[in-house]
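Here the structure comes first, spelled out in structure tokens, and everything after it is commentary.
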Amino acid sequence: MMSISDEDQTAYFRGRKLIGKFARLPERYEGAVVRIENEGERRKKNSSEISSVKNDPDAELPAGESIHITSTFNEICTWTQGSISSDFDQYAKCVDEWFSIAER
95 MMSISDEDQT AYFRGRKLIG KFARLPERYE GAVVRIENEG ERRKKNSSEI SSVKNDPDAE
155 LPAGESIHIT STFNEICTWT QGSISSDFDQ YAKCVDEWFS IAER
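Just so we're aligned, residue 95 is where the sequence shown starts under the numbering used here, counting upward by one.
As structure tokens, then:
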């Protein structure tokens, strides 16, 4: 289950106030930011090519391509313009349910 911080974060985007809350991923999980690269040349793929691979975890990468982890993370920040409690509680509940399904 995710552990949620008690402290709210504040940021401004285009003059609008955003409120955020951090949630730490469960102990055995780690998030990753990845980049798909061609073996012969280091080029970034457009988002549609990346999403076609990430939407099907069993899909094979096209020949000569590999996934490289560019960074990792262990917490997620969810931002909202309204009340943090109702928006974040729904998000946290969905993520917790996903983790419980993934554990099966």
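Just so it is clear, CB atoms sit at the ideal spot from N, CA and C, and this is done for glycine as well.
Checklist line | Through-space distance from Gln175 to Asp102, alpha-carbon basis | finding: 12 Å
Check: In angstroms, rounded to a whole number, what distance separates the CA positions of Phe167 and Ala117?
Finding: Rounded to whole angstroms, the separation of the alpha carbons of Ala117 and Phe167 is 11 Å.
Item checked: Secondary structure of Glu121, DSSP reduced to three states -> Glu121 falls in the coil class under three-state DSSP.
Note to self: Quick check on Gln103: does DSSP put it in helix, strand or coil?
What the structure shows: strand
Next item on the list: Determine the direct distance from the alpha carbon of Ile170 to that of Ser194, and round the result to whole angstroms.
Entry: 18 Å
Check: Rounded C-beta distance between Trp173 and Gly114? I'm assuming under 8 Å.
Finding: 4 Å
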